[in-house]
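Please read the structure below before turning to the comments.
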Amino acid sequence: MNKARTNPLNTTAMHGALILYTLIALFPVFVIIINSFKTRRAIFREPLALPDADSFSLIGYQTVMKQGDFFLYFQNSMIVTVVSLTFILLFGAMAAFALSEYRFKGNLIMGLYLALGIMIPIRIGTVAILEMMVATGLVNTLWALILVYTAQGLPLAVFILSEFMRQVSDDLKDAGRVDGLSEYTIFFRLVLPLVRPAMATVAVFNMIPIWNDLWFPLILAPAEETKTLTLGSQVFIGQFVTDWNAVLSALSMAILPVLVLYVIFSRQLIRGLTSGAVK
Amino acid sequence: MQTRRIRWHIAVFLAPAVLVYTAVMIFPLFNTLRLALFTEVDQTRVYVGLQNFRTLFFDPIWSEQFWNALGNNFWFFLIHMLVQNPIGVALAAILSHPRLRFAALYRSAIFIPTILSFVIVGFTWKLILSPLWGIAPSMLDAVGLKSLFAPWLGKEEYALTTLALVSVWQFVGIPMMLIYAALLSIPEEILEAGEIDGITGASAFWKIKLPLILPSIGIISILTFVGNFNAFDLIYVSQGALAGPDFSTDILGTFMYRTFFGFQLQLGDPRMGSAIAGAMFAIILVGVCIYLFGIQTRIRRYQL
Chain A
1 MNKARTNPLN
11 TTAMHGALIL
21 YTLIALFPVF
31 VIIINSFKTR
41 RAIFREPLAL
51 PDADSFSLIG
61 YQTVMKQGDF
71 FLYFQNSMIV
81 TVVSLTFILL
91 FGAMAAFALS
101 EYRFKGNLIM
111 GLYLALGIMI
121 PIRIGTVAIL
131 EMMVATGLVN
141 TLWALILVYT
151 AQGLPLAVFI
161 LSEFMRQVSD
171 DLKDAGRVDG
181 LSEYTIFFRL
191 VLPLVRPAMA
201 TVAVFNMIPI
211 WNDLWFPLIL
221 APAEETKTLT
231 LGSQVFIGQF
241 VTDWNAVLSA
251 LSMAILPVLV
261 LYVIFSRQLI
271 RGLTSGAVK
Chain B
1 MQTRRIRWHI
11 AVFLAPAVLV
21 YTAVMIFPLF
31 NTLRLALFTE
41 VDQTRVYVGL
51 QNFRTLFFDP
61 IWSEQFWNAL
71 GNNFWFFLIH
81 MLVQNPIGVA
91 LAAILSHPRL
101 RFAALYRSAI
111 FIPTILSFVI
121 VGFTWKLILS
131 PLWGIAPSML
141 DAVGLKSLFA
151 PWLGKEEYAL
161 TTLALVSVWQ
171 FVGIPMMLIY
181 AALLSIPEEI
191 LEAGEIDGIT
201 GASAFWKIKL
211 PLILPSIGII
221 SILTFVGNFN
231 AFDLIYVSQG
241 ALAGPDFSTD
251 ILGTFMYRTF
261 FGFQLQLGDP
271 RMGSAIAGAM
281 FAIILVGVCI
291 YLFGIQTRIR
301 RYQL
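Note that the protein sequences, when read in sequence, are chains A and B.
Here the first sequence is numbered in my numbering, starting from 1 and rising by one per residue.
Here the second sequence is numbered in my numbering, starting from 1 and rising by one per residue.
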């Protein structure tokens, strides 16, 4: 490589800039987490100090455990996210297969119709969605959220998956047909396993927005027994504004599951984002 | 030979996706736009044509709020374009440098705020900027700038900009990743050819890489636009449905929520809520069309 590109001064400057921005990105999260383990007095006296033997306290976590039903909220978020992702992947892959595999009248139009939703946010239809959920009695059930998130995730899923399915070799599918496999078997047995990496990308893209959404839980399922973790922590923190220990602990508890998910899936997510799946 | 029989499996493959998508997304979207054309008199629906929109744009009670929210929304978008996207491009440019050590580590760390929910981000920054806790003032004090501190979220003139910057902090990871991907896809031969002609370092970025990643910058701009004009959560979490102080942080999303659901003493009004949704739809549609027909087709693409 050329000398000009590996100038030590440049390298230092680059690391300096990156370290500075990394600090900006992580500092707020760090401050919240360390302070959640401190006594109220230590939180105010030395907000930037790490908890030590003197200032260590779990009082905030105890309040959260006693007052909020975080386990239920977590469970609701889990159900909504997992079921929505399953539907998005299954329905999305099926539709993508139909669009990429068969030539039929209306193929192009159907593709464009499904792609409309990539750019138009589903929130615009909220008024009518709420009316519909009230009319069908789905309001304040997790199904309302699952249906909305499935509809929201499908357009991009179909788009990405059909790009990938076009790359699956025709010879393989035709060999299956010669062997007398039905179209369904070809899809589930031959094609689906081959597009697994693309499915993982779609899943990771959809997981974070669904888990973090506040708008639809607030409007469609605000009842105590259907609150998601995001809505639950919003309401909880809103009620405990003056109890700093509880607020900091609730925030830390909300950060934790997302961080765990991120650590597990970050490779997949970054590979998906950088493989040009969204271009 | 196969005769022209109906291939049912195609319908079976398409049906679930098309049904859910149509019933839960497309149909409510049009239904919302239709609802905007009605009003309620004595509990019956009355068709009033574009009256609701006239009220929204020209009736002083509504229009003042609407134009305020729209203006704030444009300012919100502008800050993202001027701060978030340049920082994202700069970070990506540094990260894509060959032989940079720890690149993956930096990348993952900088992306962390993007995965946090608005609830976490909103409250976290509210606490940090709070004059009660004093983290922000004492940090400014450490660099001798304490006089600059103000309770930014509580001041009408700063609150919106502060929230926009918080949102930038949260989402800078997305342009960073997309531009990073675009930069990696530039073939090494092109850069080496530039080097032979004496174009290295910063000038290589401006003269060779930047023109090549313009399409990605276009995509990021439209994603930012759609995201910003549909934003709600961050403002709601940190300033509440009233988007205070004195509506200075009100954007279309919070305005629609307040109108639709009502707040404090005002009753919710689904028809006017639908009218606001209609306006948002039009704005997003215009933005997407400008991108698709005005920008995307004109950006020069290079065959790599």
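Beta carbons are placed, not taken as given, at the ideal position from N, Cα and C, and that holds for glycine.
The model shown is predicted, which means the values in this text are computed figures rather than measured ones.
Considering only their Cβ atoms, is the gap separating residue j from residue i smaller than 8 Å?
| i | j | result |
| --- | --- | --- |
| N76 of chain A | T185 of chain A | no |
| F38 of chain B | V48 of chain B | yes |
| N85 of chain B | I220 of chain B | yes |
| W133 of chain B | P47 of chain A | yes |
| V119 of chain B | V226 of chain B | no |
| M280 of chain B | N230 of chain B | yes |
| V121 of chain B | L33 of chain B | no |
| M94 of chain A | F263 of chain B | no |
| L56 of chain B | A275 of chain B | yes |
| S117 of chain B | A254 of chain A | yes |
| T114 of chain B | Q170 of chain B | yes |
| S108 of chain B | L183 of chain B | no |
| Y106 of chain B | A151 of chain A | no |
| V241 of chain A | V235 of chain A | no |
| V178 of chain A | L35 of chain B | no |
| P217 of chain A | T230 of chain A | yes |
| K164 of chain A | A198 of chain A | According to the sequence shown, residue 164 of chain A is Phe rather than Lys. Yes. |
| P155 of chain A | L181 of chain A | no |
| V80 of chain A | L145 of chain A | yes |
| Y291 of chain B | I222 of chain B | yes |
| D250 of chain B | E156 of chain B | no |
Could you pull the DSSP bridge partners for residue i from this structure?
| i | result |
| --- | --- |
| K38 of chain A | A:F56 |
| F263 of chain B | B:Q266 |
| V46 of chain B | B:T39 |
The beta strand (DSSP E) with residue i in it runs from where to where?
| i | result |
| --- | --- |
| T39 of chain B | 38 to 41 |
Out of curiosity, what's the CA-to-CA distance linking residue i and residue j?
| i | j | result |
| --- | --- | --- |
| S233 of chain A | L78 of chain B | 31 Å |
| K38 of chain A | I32 of chain A | 10 Å |
| A4 of chain A | V29 of chain A | Low per-residue confidence applies at A4 of chain A: pLDDT is 48, beneath 50, and the placement is therefore not dependable enough to give any value. |
| T22 of chain A | Y262 of chain A | 17 Å |
| A136 of chain B | S130 of chain B | 8 Å |
| R196 of chain A | Y149 of chain A | 21 Å |
| V168 of chain A | G176 of chain A | 13 Å |
| A93 of chain B | F205 of chain B | 8 Å |
| G238 of chain A | F111 of chain B | 27 Å |
| T200 of chain B | I190 of chain B | 12 Å |
| P187 of chain B | A135 of chain A | 56 Å |
| F30 of chain B | L50 of chain A | 54 Å |
| A17 of chain B | W152 of chain B | 46 Å |
| I87 of chain B | W215 of chain A | 28 Å |
| I109 of chain A | T259 of chain B | 36 Å |
| F44 of chain A | W244 of chain A | 10 Å |
| G92 of chain A | S216 of chain B | 25 Å |
| T11 of chain A | K207 of chain B | 21 Å |
| M139 of chain B | L212 of chain B | 40 Å |
| T161 of chain B | W125 of chain B | 13 Å |
| Y257 of chain B | Q239 of chain B | 13 Å |
| L26 of chain A | D213 of chain A | 22 Å |
| F104 of chain A | I26 of chain B | 23 Å |
| R45 of chain B | E224 of chain A | 33 Å |
| P65 of chain A | S248 of chain B | The question names Pro, but residue 65 of chain A is Met in the sequence shown. Near 36 Å, if we compare the C-alpha coordinates of S248 of chain B and M65 of chain A. |
| I270 of chain A | P257 of chain A | 19 Å |
Under DSSP, the alpha helix (DSSP H) around residue i begins and ends at which residues?
| i | result |
| --- | --- |
| F57 of chain B | 51 to 58 |
| H97 of chain B | Segment: none, H97 of chain B is in no alpha helix (DSSP H) and carries neither H nor E. |
| L214 of chain A | First-last for L214 of chain A: undefined, no H or E at that position. |
| H9 of chain B | 8 to 21 |
| F232 of chain B | Unbroken run through F232 of chain B: none, as it is neither H nor E. |
| M177 of chain B | 173 to 184 |
| N140 of chain A | Run containing N140 of chain A: none; DSSP gives neither H nor E here. |
| V83 of chain B | No alpha helix (DSSP H) holds V83 of chain B; DSSP gives it neither H nor E. |
| W125 of chain B | 118 to 129 |
| D171 of chain A | 170 to 178 |
Tell me, please, whether the segment 68 to 85 of chain B touches the segment 145 to 157 of chain B by the rule of three or more beta-carbon pairs shorter than 8 Å. Touching, no, given that fewer than three Cβ pairs across the two stretches are closer than 8 Å.
Is there contact between the segment 180 to 198 of chain A and the segment 43 to 60 of chain B, where contact requires at least three CB pairs shorter than 8 Å? Contact fails: fewer than three Cβ-Cβ distances are below 8 Å.
Would you check if there are 3 or more beta carbon pairs closer than 8 Å linking the segment 7 to 26 of chain B to the segment 80 to 100 of chain A? Output reads yes: the segment 80 to 100 of chain A touches the segment 7 to 26 of chain B.
At least 3 beta-carbon pairs within less than 8 Å: the segment 83 to 94 of chain A vs the segment 200 to 213 of chain A: A contact is defined here as three or more CB-CB pairs under 8 Å, and the segment 83 to 94 of chain A meets this definition with respect to the segment 200 to 213 of chain A.
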